[in-house]
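The listed protein sequences correspond, in order, to chains A and B. For the first sequence, the positions run 384 to 591 when our numbering is used. For the second sequence, the positions run 384 to 591 when our numbering is used. Even for Gly, the Cβ is constructed at its ideal location relative to N, Cα and C. Notes for the one structure printed next.
2 protein chains.
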Amino acid sequence: MNKRGVLTVISGPSGVGKGTIINRLFELDENLYFSVSATTRKPRAGEIDGVHYSFKTKEEFENDIESGEMLEHASFSGNYYGTPKSAVEEKLSQGKDVVLDIEIQGARNVKKLMPEATLIYILPPSIDELKKRLIGRNTEDKESISRRLHTAYTELHEAPELYDYFIVNDMVDEAAMKIKNIIEGKHYGRTAMQEALKLIIEEAETLA
Amino acid sequence: MNKRGVLTVISGPSGVGKGTIINRLFELDENLYFSVSATTRKPRAGEIDGVHYSFKTKEEFENDIESGEMLEHASFSGNYYGTPKSAVEEKLSQGKDVVLDIEIQGARNVKKLMPEATLIYILPPSIDELKKRLIGRNTEDKESISRRLHTAYTELHEAPELYDYFIVNDMVDEAAMKIKNIIEGKHYGRTAMQEALKLIIEEAETLA
């Protein structure tokens, strides 16, 4: 019996430390497969194509949208971001757990197309702390920081209705452990257990 | 900030070993509160009123239904079983986690009235094993065993649509640990986090 893997979406405002938590999570959990997002934004220093993102031209990306290859996609700061569908489905059916690191609009789409997905939102300890982290990152100008904070405000109003879990990023190790446990629990969720349920129902019918 | 507790419903067919798992779970998790069910069935040898069940007359129980004091109730083998509402709400608002050990009809009612409840169904390793356990229990006659097995068949068809998690009772310790982890994860669920979310949204509004 090949038990289906678990799909987890992780989102959070810019500067919350989501990337660090996800890196730690992958150190903790060997069964995780990180779905590499596709994007049309320019690579930042050190970013590798196919590892951090699958970098695409606008034309390539729009072809993938049209062919139905994007599980979700969204525009953000003038660029496309999206999740190639085939890679996700392949890993889930092999019993691998898949983690998607996507924006709130994308999370909404995934939930619509795959309702069994577990949606986790990373919260900063406080908005004040989020502001400090964005400023400390030193990669953005003042206007960009202000725009990111405004997006965070908007997201925080939508997130409570959409996401299933909310993890405060106070200590990275703790936050990663909490997510690991949530994913572990989902191995006994309705979707992951569907094959086992089918077998026991079939046995019950034989004996009835 | 008083963080709201987590409500968990545990069900499973007669003979699956649910009672043993729940006892182990309470040894593992000190924050758990066991909601004592009310029933009109006669106490078995060793059962203590207010500990195993709150034993009530038919008249007392029906008064409690009428006054809205039963969060759920169901008839089973000619007796009433139910969950007093006030005790559950009191514990949740104190931040205690509550576990309800109830039948599938009751679980359905709780889910309707408190959609944030996590519903866990205990599965036997196989139907054949369930039959052996029922026979080995030596407390029931042949007709009663056959009736319980028939109920199990029916439940197994309804359970996949209703319950959130399915735990196979292969090893008691493992099964109890899995449930403990699921409850732990729910501390970061939408309902338990509602107060924390409210506070951070308020902070965001002040700074916006």
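Best match in Leu496/A, Thr574/A, Glu455/A and Ser437/A for proximity to Ser476/A [C-alpha to C-alpha]: Thr574/A
Rounded C-alpha distance that separates Ile580/A from Val399/B: The identity of residue 580/A in the sequence shown is Leu, whereas the question assumes Ile. For Leu580/A and Val399/B, the distance between alpha carbons rounds to 15 Å.
Closer than 8 Å at the beta carbon, the chain B residues around Arg573/A: Pro543, Tyr546, Asp547, Tyr548 and Phe549
Residue from Glu452/A, Val471/A, Tyr436/A and Thr403/A whose Cα sits closest to the Cα of Asp553/A: Thr403/A
Identified DSSP bridge partners for His533/B: Paired residue(s): none; His533/B is not in a bridge.
Own chain residues within Cβ distance below 7 Å of Lys514/B, not counting five before or after: Leu532
Residues that Glu567/B contacts on chain A, provided the C-beta gap is smaller than 7 Å: Asn564
Residue range of the unbroken alpha helix (DSSP H) whose run includes Val555/A: Val555 to Lys569
Nearest candidate by alpha-carbon position, reference Ala542/B, set Ala558/B, Pro498/B, Gln488/B and His570/B: Gln488/B
Host alpha helix (DSSP H) of Ala596/A (start-end): With chain A represented from 384 up to 591, any question about residue 596/A goes unanswered, as that position is not in the structure.
Segment contact flag, the segment 411–427 of chain A with the segment 499–510 of chain A, C-beta cutoff 8 Å, min 3 pairs: no
For Ala421/B, the residue or residues it bridges with in DSSP: Ser437/B and Gly465/B
Given Val481/A as reference, the closest of Asp412/A, Val555/A and Gln577/A once Cα atoms are compared: Asp412/A
Closest by C-alpha distance to Ser460/B, when choosing among Lys425/B, Gly568/B, Asp547/B and Glu585/B: Lys425/B
Proximity test, Cβ basis, 8 Å: Tyr536/B and chain A: yes
Within 8 Å, strictly: CB atoms of Ser394/A and Tyr504/A: yes
Gly568/A vs Ile565/B beta-carbon contact at 8 Å: yes
Short CB-CB distance (under 8 Å) between Ala559/B and chain A: no
Proximal chain B residues relative to Ile518/A, where beta-carbon distance stays under 7 Å: Residues of chain B passing the Cβ test: none, with the nearest at roughly 13 Å.
Span of the beta strand (DSSP E), counted from its first residue to its last, around Asn574/B: One detail in the question is off: residue 574/B reads as Thr in this sequence, not Asn. Where Thr574/B is concerned, there is no enclosing beta strand (DSSP E), given that its DSSP letter is neither H nor E.
For Ile448/B: DSSP bridge partner residues: Beta-bridge pairing links Ile448/B to no other residue.
Beta-carbon proximity of Leu595/A to Thr466/A, cut-off 8 Å: Outside the shown range of chain A, which is 384 to 591, sits residue 595/A, and nothing can be said about it.
Helix, strand or coil at Ala542/B according to DSSP, with G and I counted as helix: helix
Ile583/A classed as buried or exposed, judged by whether at least 16 other C-beta atoms fall within 10 angstroms: buried
Per DSSP, cross-strand counterpart(s) of Asp480/B: Leu415/B
Minimum Cβ-Cβ distance from Met497/A to chain B less than 8 Å: no
Listed by chain order, chain B residues near Ile528/A by CB distance under 9 Å: Under the 9 Å cutoff, chain B gives no residues; its nearest Cβ is about 13 Å from Ile528/A.
Cβ neighbours of Ala558/B in the same chain (closer than 6 Å, five flanking residues each side left out): Ile404, Ile550 and Asn552
Per DSSP, the bridge partner or partners of Ser458/B: Tyr463/B
Residues from the segment 410–425 of chain B in contact with chain A, defined by Cβ distance under 7 Å: none
Under 7 Å from the C-beta of Ile584/B: neighbouring residues of chain A: Leu539 and His540
Residue interval of the alpha helix (DSSP H) (run including Ile518/A): Ile510 to Arg520
For Tyr393/B, the three-state DSSP class (helix, strand or coil): In the sequence on display, residue 393/B carries Ile and not Tyr. If DSSP states are grouped into helix, strand and coil, Ile393/B belongs with the strands.
Cα-Cα separation between Arg427/A and Glu443/A, rounded to whole angstroms: 20 Å
Residues of the segment 476–488 of chain A with Cβ closer than 7 Å to any Cβ of chain B, in chain order: none
Backbone secondary structure at Val493/A - three-state DSSP: helix
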